[in-house]
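All residue numbers for the sequence shown refer to my numbering, where the first residue is 185 and numbers rise by one.
Backbone N, C-alpha and C define an ideal beta-carbon position, used for all residues, glycine too.
The structure appears below as structure tokens.
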Amino acid sequence: MTFSAAVLTLYPEMFPGPLGMSLAGRALTDGAWSLDAVHIRDFATDRHRTVDDTPAGGGAGMVLRADIVARAVDHATVLHPANPVIAMTPRGAPLTQARIRELASGPGVTILCGRFEGFDERLFEARPAIEQVSLGDIVLSGGEPAAIALLDACIRLLPGVMGAPSSGTEESFEDGLLEYPHYTRPQQWEGRTIPEVLRSGDHAKIAAWRKRQAEIDTRLRRPDLWERHTGARDQPASGARREKKDQVE
Ligand code: SAH
Numbered sequence: 185m186t187f188s189a190a191v192l193t194l195y196p197e198m199f200p201g202p203l204g205m206s207l208a209g210r211a212l213t214d215g216a217w218s219l220d221a222v223h224i225r226d227f228a229t230d231r232h233r234t235v236d237d238t239p240a241g242g243g244a245g246m247v248l249r250a251d252i253v254a255r256a257v258d259h260a261t262v263l264h265p266a267n268p269v270i271a272m273t274p275r276g277a278p279l280t281q282a283r284i285r286e287l288a289s290g291p292g293v294t295i296l297c298g299r300f301e302g303f304d305e306r307l308f309e310a311r312p313a314i315e316q317v318s319l320g321d322i323v324l325s326g327g328e329p330a331a332i333a334l335l336d337a338c339i340r341l342l343p344g345v346m347g348a349p350s351s352g353t354e355e356s357f358e359d360g361l362l363e364y365p366h367y368t369r370p371q372q373w374e375g376r377t378i379p380e381v382l383r384s385g386d387h388a389k390i391a392a393w394r395k396r397q398a399e400i401d402t403r404l405r406r407p408d409l410w411e412r413h414t415g416a417r418d419q420p421a422s423g424a425r426r427e428k429k430d431q432v433e
């Protein structure tokens with residue numbers, strides 16, 4: 185099945201951009217996903233193809249008009265009726281790997297990219313199905329790089345896109361932890377060696393070391409993740425998650 189990506193943007197020429205290369209580019213050529221870049225300006229109604237106006241109440245910048253953007257969203261919804269619609273905005277819920285997994289296992293995604301000061305809020309009131317999503321606590325100049333990041337994260341999880349199936353599940357966040365650190369040749373570099381255990385060939389010992397490192401690094405670097413991880417372990421909730429953990433422990 186082809187994962188259908190639709191992107192609503194003022195810069196359709198930014199797509200596929202980096203998604204036309206490497207893993208995602210090959211997957212696009214192979215038909216694992218499809219891309220429909222929709223120009224928001226095509227839904228303007230005046231001669232100058234205006235999409236924005238000054239902010240009500242004053243202030244800097246311009247705001248994307250709800251009427252024009254809604255027309256573009258409605259058009260994409262007709263073409264891709266099964267896709268969830270995601271608006272990229274720093275005011276949205278931070279994107280997580282869990283949400284990426286859900287999206288990647290679905291029919292596709294329609295992504296709305298903002299520019300300027302963002303969207304007229306009435307868009308979200310009138311189209312409550314639009315999910316507001318943030319790439320993180322940073323401010324980009326437009327939603328396009330966020331859309332590219334979201335799509336990249338989905339595409340690598342599509343069936344057949346990545347080589348080894350385990351490379352999709354042993355990553356950071358998949359178990360609520362950061363991934364363990366990696367090493368490769370040369371074995372000696374600037375006086376530093378690869379941790380001895382990784383050269384032991386003892387797979388059980390290596391797995392235990394990696395698990396421990398993942399825990400240490402998560403605790404030190406991401407106390408927020410660590411707290412959630414240990415909290416989740418103290419209160420076993422969903423059967424599936426618990427089973428997986430029991431196998432590891
Ligand atoms: N005035 C807005 C920022 C607008 S930035 C605010 O302060 O909340 C212009 C556009 O870039 C946004 O509409 C959004 O589509 C995109 N953008 C900026 N930062 C983003 C982020 N962290 N995540 C997702 N999209 C972002």
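C-alpha gap between residue i and residue j, whole angstroms
i	j	result
His387	Arg394	10 Å
His413	Gly360	6 Å
Ala416	Arg403	14 Å
Pro343	Leu212	13 Å
Thr273	Leu324	9 Å
Val345	Phe357	20 Å
Ile270	Ile314	6 Å
Ala240	Glu305	11 Å
Met205	Phe199	11 Å
Glu363	Ala398	5 Å
Glu427	Ala331	Any reading at Glu427 is ruled out, since the residue's pLDDT is 43, under 50, leaving its predicted position unreliable.
Glu355	Val257	34 Å
Glu433	Ala266	Residue placement at Glu433 is poorly supported in this model, since its pLDDT is 36, which falls under 50; the coordinates still yield a value, given next. Approximately 39 Å between the Cα atoms of the pair.
Gly375	Gln281	37 Å
Asp418	Glu411	11 Å
Beta-carbon proximity check, residue i vs residue j, cutoff 8 Å
i	j	result
Asp328	Thr234	Position check: residue 328 holds Glu in this sequence, whereas Asp was assumed. It is not a contact, given that the beta carbons lie outside the stated cut-off.
Ala190	Ile339	no
Val222	Phe303	no
Ala337	Leu319	no
Leu287	Pro268	yes
Ser384	Ile378	no
Beta-ladder partner(s) of residue i, from DSSP
i	result
Pro278	Ser318
Ala189	Leu219 and Val293
Val269	Thr294
Asp401	Per DSSP, none; premise fails for Asp401.
Thr377	Gln372
Val247	Asp237
Nearest-angstrom Cβ-Cβ length linking residue i and residue j, presumed shorter than 8 Å
i	j	result
Asp236	Phe300	6 Å
Val317	Ala277	6 Å
Leu307	Leu203	Going by Cβ atoms, the distance from Leu307 to Leu203 rounds to 26 Å, so no, they are not a contact pair.
How about the segment 286 to 295 and the segment 236 to 250: do they share at least three Cβ pairs that are nearer than 8 Å?
Too few Cβ pairs lie closer than 8 Å, so no.
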